[in-house]
Amino acid sequence: MILNINKKRIEPDIMVVELQGKVCMGNSAKELEWAVAELQKANEKKVIFDLSGVTMMDSTGIGIVAM
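Each residue of the sequence shown is one higher than the one before, counting from 27 in the working numbering.
Okay, here's the thing in structure tokens:
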């Protein structure tokens with residue numbers, strides 16, 4: 027299953043990142059890393075990761091979310 031990443035804002039300043047699929051070393055981890063980098067670049071301070079749709083996550087994915 028491909029990783030799907032959806033972002034939505036809860037006003038005024040909370041960003042919710044919904045993940046669906048597998049988060050493991052490879053392309054899916056890179057996509058998540060880029061999404062997190064965009065949030066950091068946009069200076070988002072309050073980020074919630076909704077992992078309810080994640081079917082598998084390895085240590086690479088955990089490391090990215092913990093950044």
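Don't be surprised by glycine CBs; every beta carbon is placed ideally from N, CA and C.
If you're wondering where the values come from, they're calculated on a predicted model, not measured in any experiment.
Determine whether the beta carbon atoms of residue i and residue j lie at a separation below 8 angstroms.
i, j, result
"residue 73", "residue 61", "no"
"residue 55", "residue 87", "yes"
"residue 93", "residue 48", "no"
Closer than 8 angstroms by C-beta to residue i: which residues in its own chain qualify, once you throw out the five before and the five after it? Chain order, please.
i, result
"residue 124", "In this structure the chain extends from 27 to 93, so residue 124 is not present and cannot be described."
"residue 76", "42, 43, 44 and 45"
"residue 59", "90"
Near residue i, which residues of its chain fall below 7 angstroms by C-beta distance, leaving aside the five closest residues on each side in sequence?
i, result
"residue 84", "50 and 51"
Going by beta carbon distance, what residues of the same chain come within less than 6 angstroms of residue i, once the five residues before and after it are set aside?
i, result
"residue 39", "72"
"residue 68", "none"
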